[in-house]
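Enquirer: Let me begin by handing over the structure; questions about it come next.
Numbering (the numbering used here), first residue to last: 302 to 855.
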């Protein structure tokens, strides 16, 4: 599992005393350069934070391109990278902190309030996009004389380019000013990644040589099985961590143990899922949600701050690492030479893929937004046409998941000697590079054009109007259907089950789950814990949490 040209494990074994072999020295130089580049990305990203066009993702890509160009010149056109890509490195070390942090930091009430719409976009929409990209590739790739591709290859291409990357859009959107839009873009991005990887894995595990109705049913069954079991595993590990910390009361001895158990059990959920051939993305995402809902409230305040910033930092570094690598890999001369004598074919193929991505995205965003709006009772909760355009735009960018899946399908340990595979890899890199650079650069101006920044007072009023129903929900007040404006029968049919499920879950959570697993309002009384500080500190009892905690303790 080598991340450098030389395996890091072998490097550690060969290192003895004070002597280093030539290859060891080269690897250490490569590591130093890459770490320095990561530091440079952070510094330049911070300096350009207020820039209208540039964000940290594009900064990392640009620095990767510049570094790749310099290495290409130094090596006389022989190489452009200081790393050898391994999808194992991506899926085992880099992806888990990114996805876990997404679940851990998500605003759960807003996420689950829009869960039906997020599922529509992230799961159903991804399937629609997958079908359109697959059928379009089967029809158009033959005209470009790409090479011999089988049915499994076309299906894999559909799954690879169905995986979106909404990082650029999320960096621009203000979560407080546009909570609905941010929740939809964020939630769809995570569910989309999980769905794409599950689709990709399901395609790899079915027999496509004898494709018929039975094989199709097996494919659908495998897909649903992976979705369900992966979610259940993530929830189970999250609950186990909450129960463990609540019962053992680590805070009496060491805050370090609390932080360690949360980090290790989060990673354990992902690795267990991989061991069982499930979707690690879905597992670790729901593990993050459950940990933030229960486990996080069972630890001391210092542990809360530590875990929150640790998970965010690991996710941030992993994202920079990936974008930096993509920038360098775009200039991999070996794949370009193998793919074609001129860059015209990979560029033409990339243009076709981008066109299919745009069509596939539009094919579900606007129709599914219309369906979602039918269940909304108030105009401010509906997805406006301008918001639909931003959602469509946010999903046009492709990133690390597409790169990793393409390498998994079309290379062996980051290398390939087959022309058609080289063409697919170079085309994927071009799509990722172009979509992130060009679409990413235009994201901030587009959002400012469609949703102009509001004055502070207007933003405060909007935030207050949005938080009022959430606060009422926290206080336990059930909303009466009669209080809402008149709705059509279809709107009532779609809206009532959503509110009923939310109400039933809240009662079940307060009565059974929180007393057993902890969480807000049910934290055991431990000296030095957040509950003790709440009792002696200001703002007591705003939501009745201390009273509930005391009753639970007694």
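We put the CB at the ideal spot given by N, CA and C, even for glycine.
Only a predicted model underlies this, so the values are computations on that prediction, with no experimental measurement involved.
In the structure shown, what three-state DSSP assignment does residue 427 receive?
Expert: It is helical.
Enquirer: Quick check on residue 576: buried or exposed, where buried means 16 or more other Cβ atoms within 10 Å of its Cβ?
Expert: exposed
Enquirer: Is the number of C-beta pairs between the region 325 to 336 and the region 695 to 706 that are closer than 8 Å three or more?
Expert: no
Enquirer: Looking only at its own chain, which residues have a Cβ that is under 7 Å from the Cβ of residue 721, when we skip the five neighbours before and after it?
Expert: If we look at residue 721 and ignore the five residues flanking it on each side, its Cβ neighbours are 447, 448, 449, 450.
Enquirer: Judging by CA-CA distance, which residue of 584, 695, 537, 512 is the nearest neighbour of residue 663?
Expert: Nearest of 584, 695, 537, 512 to residue 663, Cα basis: 695.
Enquirer: Is residue 513 buried or exposed, if buried means 16 or more other CB atoms sit within 10 Å of its CB?
Expert: Taking a 10 Å sphere around the C-beta of residue 513, we find fewer than 16 other C-beta atoms and assign the residue as exposed.
Enquirer: What residue does the alpha helix (DSSP H) around residue 672 start on, and which one ends it?
Expert: Counting along the chain, the unbroken alpha helix (DSSP H) around residue 672 starts and ends at 645 to 674.
Enquirer: When you compare the CB positions of residue 732 and residue 648, do they come within less than 7 Å of one another, or not?
Expert: no
Enquirer: With a CB to CB cut of under 6 Å and the five nearest residues on each side skipped, what residues in its chain are close to residue 760?
Expert: In this prediction, residue 760 scores a pLDDT of 41, lower than 50, which makes its location untrustworthy; the coordinate-derived value is nonetheless stated afterwards. The answer, listed in chain order, is 478.
Enquirer: Rounded C-beta distance between residue 591 and residue 536? I'm assuming under 8 Å.
Expert: 5 Å
Enquirer: Got a sec? Which residues, its chain only, sit under 8 Å from residue 616 by beta carbon, not counting five neighbours each side?
Expert: 398, 399, 401, 402, 403
Enquirer: Using the three-state DSSP reduction, which class does residue 632 fall into: helix, strand or coil?
Expert: coil
Enquirer: I'd like the list of long-range same chain contacts for residue 570, defined as Cβ closer than 6 Å, with 5 residues on each side in sequence excluded.
Expert: Shown here for residue 570: same chain residues with a beta carbon closer than 6 Å to its own, the five before and five after excluded, namely 535, 538, 584, 585, 588 in chain order.
Enquirer: Judging by CA-CA distance, which residue of 442, 366, 337 is the nearest neighbour of residue 657?
Expert: 442
Enquirer: For a test of the three-state rule: what should DSSP assign to residue 689, helix, strand or coil?
Expert: helix
Enquirer: Could you pull out every residue in the same chain whose Cβ sits closer than 8 Å to the Cβ of residue 735, ignoring the five residues on either side in sequence?
Expert: 651, 655
Enquirer: Does DSSP classify residue 449 as helix, strand or coil?
Expert: coil
Enquirer: From residue 698 to residue 462, what does the alpha carbon distance come to, in whole angstroms?
Expert: 10 Å
Enquirer: Evaluate residue 561 with the Cβ neighbour count: other Cβ atoms within 10 Å of its Cβ, from every protein chain shown; 16 or more gives buried, anything less gives exposed.
Expert: exposed
Enquirer: How big is the Cα-Cα spacing for residue 341 and residue 390?
Expert: Taking the Cα positions, residue 341 is about 22 Å away from residue 390.
Enquirer: On the premise that residue 458 lies in contact with residue 438, defined as a C-beta separation below 8 Å, what is that separation, rounded to the nearest angstrom?
Expert: 5 Å
Enquirer: Could you tell me if residue 601 is buried or exposed, where buried requires 16 or more neighbouring beta carbons within 10 angstroms of its beta carbon?
Expert: buried
Enquirer: Using a threshold of 7 Å, state whether the C-beta atoms of residue 456 and residue 504 are closer than that.
Expert: yes
Enquirer: Below 8 Å on the Cβ atoms is my guess for residue 818 versus residue 595; work out the distance and round it to an integer in Å.
Expert: 4 Å
Enquirer: Is it buried or exposed, residue 464, if we count other Cβ atoms within 10 angstroms and call 16 or more buried?
Expert: buried
Enquirer: Exposed or buried, which one is residue 480 when buried takes at least 16 other CB atoms within 10 Å?
Expert: Residue 480 comes out buried.
Enquirer: Can you give me the C-alpha to C-alpha distance between residue 543 and residue 412, rounded to a whole angstrom?
Expert: 21 Å
Enquirer: Residues in its own chain within less than 7 Å of residue 820 by CB, not counting five upstream and five downstream?
Expert: 594, 595, 598
Enquirer: Please report the straight-line C-alpha distance between residue 327 and residue 358, rounded to a whole angstrom.
Expert: 28 Å
Enquirer: Does the distance from the CB of residue 661 to the CB of residue 521 come in under 7 Å?
Expert: no
Enquirer: Residue 628: which of 360, 349, 336 sits nearest, CA to CA?
Expert: 360
Enquirer: Relative to the C-alpha of residue 502, which residue among 345, 524, 407 is closest?
Expert: When each option's Cα is compared against that of residue 502, the closest is 524.
Enquirer: Given that a residue counts as buried once 16 or more other Cβ atoms are within 10 Å of its Cβ, and exposed if not, what is residue 724?
Expert: buried
Enquirer: So what does DSSP say about residue 720, is it helix, strand or coil?
Expert: helix
Enquirer: Might you give, ordered along the chain, the residues of its own chain that have their beta carbon closer than 7 Å to the beta carbon of residue 693, omitting 5 neighbours on each side?
Expert: 662, 663, 666
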